[in-house]
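Protein chains in written order, with the working numbering: chain A, 180 to 612; chain B, -10 to 317; chain C, 64 to 339. Okay, structure first, notes after.
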Amino acid sequence: MKRWLKLVAGAAALTLATAGCAGSSGSETAASSSGNAPLSGTVTVWLMTGSAPATLTDALNKEFEAAHPGVKVKYEVQQWDGIQQKLTTALAGGTPPDVIEIGNTQTAAFASQDGVLTDLSADKDSFNGAQWLKGLADSGAYEGKTYGVPFYAANREVIYRKDMFEQAGIAKLPASNDEWIDAIGKLKAKFGSDPDFQALYMPGQNWYALLSFIWDNGGDIAKADGKNYKATLDTPEAKAGLEFYKKLVDTSGTKAPKDADEAKPQQATVYGAGKVAMMIGLPWELPTAAKTDASLTGKTAAFAIPGKTAGQTAPVFLGGSNLAIPANSKNVAAAKEYIKLLSSAKYQSQLAAAGVVPGTSTDLTGLDKDPLGSVMAKASANGKAVPASPKWGDVESGQNPVKDMLTAYLTGKKTLDQATADANAALNKLIGG
Amino acid sequence: MTATANVTMPAGATPPASPRDTRVKRRKRGRFGDRVLPYLLLLPALAAILVLLAWPLVQVLAISFRKLDIGQLVSGKTVWVGFANYTNTLSDPEFWTITFRTLVFTAAIVAATIAGGLLLAVLMRHLDPVVRIIVQVTLVLAWATPVIATTTVFQWIFDEQYGILNKTLDRLGFHGFIGFSWFSSGASTLTVIGLLIVWQAVPFVTFSLYAGIIGVPREQYEAAGIDGASAWQTFRAVTWPAIRPITTMVTFLSVLWDFNAFAQIWAIREGGPDGGSTTLAVVLYLKGIAGNHFGAAGAIATLMLIVLALITGRYIQLLVRTPEGGLK
Amino acid sequence: MRKSLPQRIALSVVGVLVALAIAFPTYWMFVTSLRTPGEILSPKYDLIPTSFSFGNFATALGKDNFPTYLMNSLIVTVGSVLCALVAGTLAAIPLSRLRFTGRKGFLVLVMVAQLAPVSALFIPLFLLMRDAGLLNTLPSLLLIYFATTLPFTVWMLYGFVNGIPYELEEAAMIDGCSQTGAFRRVTLPLLGPGLVTTSVFSFITAWNEYLFALVFIQDKPKETLPVWLASFRTAFATDWGGVMAASVIYAIPALVFFLLVQRKLVSGATAGAVKG
């Protein structure tokens, strides 16, 4: 009955349209996916919590609705906990969202499946394709086609206490691995008498930091082998990266657990207690720390993760998200328009001002006014992504062999050779073949 | 709890039964209404179980022979793969280690839960009303605290650097515990997780058994008291027969829940370190749900079901075989 | 049974100690909810807090539409508990008191229905709700919580009815009650503690469920409290003080529910004493 009514309404709308007197406010059934017809219906947008500030999305949705009077934006913020299941079922459900945000390491898992995401290869230009952030763009592509539009990224840097560096007599910020180790020594000489002091807070499983060291030594976690990937954790380059990680842990005498990552316990909170001189983290960890001690904001600055060669910073892992349109979206045309507006310079600069590296704009001036942000922005040029294997999600969904490798090696449970060989085999089992 | 001398079957394996039920009312009149009555009463429960549990379960079995990743789910295509999901799971040498670990873990926490619950239930009967209410409120709080909070709180308590446990041990003179990691091996990680699960499971068992105990007419205890029975004898003669059916039942239920326990294990160390606290439920999530491989998830779930059916089979069998249809 | 005063004191001491041990993690959650972020991870010895801040509670209560989520959770939870109790009691009576073909089969079905890990049923249940057009509605959650707690409810109530001597009903029938009347006046009151235990269990299970609540509901105003609780966690930082404060608030309805039905637990006992 309802369907029948809709059919009549649709036919009526169609007649009106052909008669040339259709208003801009078409009915929902008249939604058209062709380029030039006026857009209508609803566009449902799912962004993740914390991705874009509310001021940005409010303005964006308002501008979009003003520009397309027939379209209503249904904007919803999603939680990270269980998002995989939520997206999966939403895409399979009858009323999928029209624009979704997918974590960059998850994108390949969705893109590699036929008929799940809309192929956006032809629309790259309208999304400012020339300025896409490379590390993110790679993660949104699968077999030469584009499914994900870069949204934003962030990368790690060394967050440090200016006042402590000054008191320890460190005049020049560390620009190489050796200088970094040297700075740790100076900090320990100055503050080491305090039993709670840590020159560098370094949990055993900060594997994103390890990625930097491995890349810096010319290695990688896996390399493409035709359509497949092969783990390369047992190469001398990867081992050199691990050795440097251990050197940092050993020299700094960090009290961080060797069998947990930077979230257990939350490292920003530890930094907030004021007894930590450095941590490897993201700029937005500072506000968390400042909740404990507001004065930290003024005392904190950052430098890029140093490389092995003086003056060359280490490559960094780009964490972030892509935007995609589900293949069975009922309103692809409006969804594309929405992404187009979000990819425009205006909103991208607002993203930068909010403290992240924008995905579709090379204009990073918005980050300059923030000392932590500007360091991150500069380092992002040397940003890299994890292998774009559709199976990579399985590595990060839990029991990451790279993390187990770090713990086994740092606690001395396994030798370097043993730890890397085991992890290599485990990783091959997950992403190889 | 040892069985009485003339019973050859383990006491815990007998189905819930009351000796008095032999005199159950037999309706010979056979009126149509009387014959239909039991089915009418069962109908709501039966319908709900069939539609919302049994049918999905059959579907899980069917899905286990399919490839059902997100692509197939969205397109609605059915791709049969035969036994591939099973051979993949079973060919992993780890699978049997994990199955064994899951069984040991389940047995240990079920035993601890039932023993703890029984002790507490008996204790509660003897307590003054005020103290009893205090104990009950703490139990409900333990029970009602959301898992996201309990897992976090347990991690804080056991934190190697800032945890109150290590700090307390340090104060008591065991200085080696500052910086001691309780999560360095699978066994110690599972012990902490077990403690957490037992802590949250004991309230239910305690309340169930306590409800059984207070159902015992007070005269029976008084009679035992007059006969000069010791506390243990009273328990054996009066309490235990009354709560045995419920104890058996909560044991059975605890086996099901603890075998399938996931949230706590996952939240503490995601089955680590090095897979050392991985149980079958973690495998189900990791290999099936997390990566959207629902065919594999179906196969693992089916295997788990088989293992569970094997452990609880004796109980189910006894129930079916009992003369007069289990109305012993 | 009368006990001597020293015995009573000793028992009370043991009881209080046990209560303290059981309460500790909950106490720790509560204490943490009163702490500032810096105090949560502190090298100081802080078994008993010296300062309190209620900021976390303000944050928690001010977050989103707490009352709406509370209402949704209550509807879904209370609804499913009531359904499960009614269907469960209706099923427990014939299972325990009557003889009929298919009884064994039903008991086996109830048991097997509980064997499967619920997370494995997630996709079939999703497809079921999708095809029934119930996605994104509160009844979808109510039905699922009803179904997942039902086998347990049937099973427990079956056990409790079995534990109630049938002689009591027979005696009532000799006194002139009909069978239904005997059940209602004799067995049902004695079933009180059993109903309370199972309902508290069902309540807490439904109250805490996250996965289905997250996946089946798409519209914010229809979400339930567990989803609200998860929103304190973002990709970058977790407001742990806020989580703990929220958890305290979150546990209160379950506690209230218990305190409401707790009297029944006691009156059930008295009923047993009087009528037994």
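Each residue gets a CB set at the ideal place from its N, CA and C atoms; glycine is no exception.
Rounded to the nearest angstrom, what separates residue i and residue j at their Cα positions?
{"i": "A271 (chain A)", "j": "G591 (chain A)", "result": "47 Å"}
{"i": "A104 (chain B)", "j": "V191 (chain B)", "result": "9 Å"}
{"i": "L178 (chain C)", "j": "V171 (chain C)", "result": "11 Å"}
{"i": "L109 (chain B)", "j": "F94 (chain B)", "result": "22 Å"}
{"i": "F163 (chain B)", "j": "K593 (chain A)", "result": "28 Å"}
{"i": "A309 (chain C)", "j": "F295 (chain C)", "result": "9 Å"}
{"i": "G189 (chain A)", "j": "D277 (chain A)", "result": "Summary for G189 (chain A): the model assigns pLDDT 43, below 50, so the residue's position carries little reliability; its value from the coordinates is reported in the next sentence. The alpha-carbon atoms of G189 (chain A) and D277 (chain A) are separated by roughly 21 Å."}
{"i": "Q578 (chain A)", "j": "A73 (chain C)", "result": "49 Å"}
{"i": "I103 (chain C)", "j": "T139 (chain B)", "result": "15 Å"}
{"i": "S204 (chain A)", "j": "G572 (chain A)", "result": "Note that S204 (chain A) scores 37 on pLDDT, short of 50, meaning its location in the model is unreliable; the coordinates nonetheless yield the value given after this. Roughly 42 Å separates the two Cα atoms."}
{"i": "D600 (chain A)", "j": "K426 (chain A)", "result": "For the record, residue 600 (chain A) in the displayed sequence is Ala; it is not Asp. Cα-Cα distance, rounded: 20 Å."}
{"i": "R233 (chain B)", "j": "Q70 (chain C)", "result": "28 Å"}
{"i": "A269 (chain C)", "j": "N135 (chain C)", "result": "12 Å"}
{"i": "L41 (chain B)", "j": "L68 (chain C)", "result": "55 Å"}
{"i": "S105 (chain C)", "j": "N128 (chain C)", "result": "33 Å"}
{"i": "Q264 (chain A)", "j": "V278 (chain C)", "result": "7 Å"}
{"i": "L133 (chain C)", "j": "S143 (chain C)", "result": "15 Å"}
{"i": "A602 (chain A)", "j": "A150 (chain C)", "result": "52 Å"}
Our contact map puts residue i next to residue j with C-beta atoms below 8 Å; I'd like the distance itself, whole angstroms only.
{"i": "G420 (chain A)", "j": "G398 (chain A)", "result": "6 Å"}
{"i": "T221 (chain A)", "j": "K253 (chain A)", "result": "5 Å"}
{"i": "S155 (chain A)", "j": "F496 (chain A)", "result": "The structure shown does not extend to residue 155 (chain A), since chain A is modelled only from 180 to 612, so the question has no answer here."}
{"i": "G204 (chain B)", "j": "S53 (chain B)", "result": "Their Cβ separation, rounded to whole angstroms, is 43 Å, which puts G204 (chain B) and S53 (chain B) out of contact at 8 Å."}
{"i": "N334 (chain A)", "j": "A604 (chain A)", "result": "With 8 Å as the limit, N334 (chain A) and A604 (chain A) do not qualify as a contact, their Cβ atoms being about 29 Å apart."}
{"i": "A556 (chain A)", "j": "W394 (chain A)", "result": "Their Cβ separation, rounded to whole angstroms, is 19 Å, which puts A556 (chain A) and W394 (chain A) out of contact at 8 Å."}
{"i": "L273 (chain B)", "j": "P228 (chain C)", "result": "No, L273 (chain B) and P228 (chain C) are not in contact; Cβ-Cβ is about 43 Å, not under 8 Å."}
{"i": "G534 (chain A)", "j": "P462 (chain A)", "result": "6 Å"}
{"i": "Y221 (chain C)", "j": "S159 (chain C)", "result": "6 Å"}
Can you check which of these residues, the options, is closest to residue i by C-alpha distance?
{"i": "S431 (chain A)", "options": "A:W359, A:K557, A:A439, A:V535", "result": "A:W359"}
{"i": "D260 (chain A)", "options": "C:V224, C:T152, C:L292", "result": "C:L292"}
{"i": "K325 (chain A)", "options": "A:F306, A:M343, A:L497, A:R335", "result": "It should be pointed out that residue 325 (chain A) corresponds to Thr in this sequence rather than to Lys. Answer by Cα proximity: A:F306."}
{"i": "T297 (chain A)", "options": "A:G308, A:A238, A:A320", "result": "A:A320"}
{"i": "I133 (chain A)", "options": "A:V581, A:I484, A:V222, A:A362", "result": "Past the edges of chain A, shown from 180 to 612, lies residue 133 (chain A), and the structure says nothing about it."}
{"i": "S523 (chain A)", "options": "A:K509, A:A533, A:G538, A:G534", "result": "A:G538"}
{"i": "K409 (chain A)", "options": "A:S568, A:G294, A:W311, A:L312", "result": "A:S568"}
{"i": "G327 (chain A)", "options": "A:P444, A:F344, A:V295, A:A447", "result": "A:V295"}
{"i": "S182 (chain C)", "options": "C:S75, C:A84, C:A276, C:P284", "result": "C:A276"}
{"i": "L26 (chain B)", "options": "C:R166, C:P112, C:P252", "result": "C:R166"}
{"i": "L530 (chain A)", "options": "A:L606, A:R335, A:D547, A:P415", "result": "A:D547"}
{"i": "Q281 (chain C)", "options": "C:R193, C:T211, C:F93", "result": "C:R193"}
{"i": "I295 (chain B)", "options": "B:L46, B:Q125, B:P230, B:L32", "result": "B:L46"}
{"i": "I167 (chain B)", "options": "B:K156, B:S177, B:S173, B:T127", "result": "B:K156"}
{"i": "G486 (chain A)", "options": "A:M457, A:D357, A:L543", "result": "A:D357"}
{"i": "L184 (chain B)", "options": "B:G217, B:F147, B:S174, B:A220", "result": "B:F147"}
{"i": "L266 (chain A)", "options": "B:L62, B:D159, B:T291", "result": "B:L62"}
{"i": "V99 (chain B)", "options": "B:G264, B:T240, B:A34", "result": "B:T240"}
{"i": "A82 (chain C)", "options": "B:V120, B:A43, B:H115", "result": "B:V120"}
For the alpha helix (DSSP H) containing residue i, list its first residue and its last residue.
{"i": "N407 (chain A)", "result": "Premise fails: N407 (chain A) lies in the beta strand (DSSP E), 407 to 410, not in any alpha helix (DSSP H)."}
{"i": "L546 (chain A)", "result": "544 to 547"}
{"i": "Y199 (chain B)", "result": "175 to 203"}
{"i": "G294 (chain A)", "result": "Careful: G294 (chain A) lies outside any alpha helix (DSSP H) and carries neither H nor E."}
Going by DSSP, what residue range makes up the beta strand (DSSP E) through residue i?
{"i": "G118 (chain C)", "result": "Not the beta strand (DSSP E): G118 (chain C) falls in the alpha helix (DSSP H), residues 118 to 125."}
{"i": "T276 (chain B)", "result": "Looking at the sequence shown, residue 276 (chain B) is not Thr but Lys. No beta strand (DSSP E) holds K276 (chain B); DSSP gives it neither H nor E."}
{"i": "I338 (chain A)", "result": "336 to 340"}
{"i": "A480 (chain A)", "result": "479 to 482"}
{"i": "I459 (chain A)", "result": "457 to 460"}
{"i": "Y331 (chain A)", "result": "328 to 333"}
With respect to 7 Å, is the separation between the Cβ of residue i and the closest non-hydrogen atom of the ligand FMN below this value?
{"i": "T291 (chain B)", "result": "Looking at this structure, you won't find the ligand FMN or any other ligand, since it has none at all."}
- Is it a yes or a no for the stretch 191 to 203 of chain B touching the stretch 259 to 279 of chain B, going by three-plus beta-carbon pairs under 8 Å? no
- Query: Within the chosen definition, does the stretch 547 to 557 of chain A reach the stretch 370 to 383 of chain A through at least 3 CB pairs nearer than 8 Å?
  - Reply: no
- Message: Any contact between the stretch 121 to 140 of chain B and the stretch 246 to 261 of chain B? By contact I mean 3 or more CB pairs, one from each, below 8 Å.
- Response: yes
- Query: Are the stretch 218 to 229 of chain B and the stretch 257 to 268 of chain B touching by the rule of at least three beta carbon pairs closer than 8 Å?
  - Reply: no
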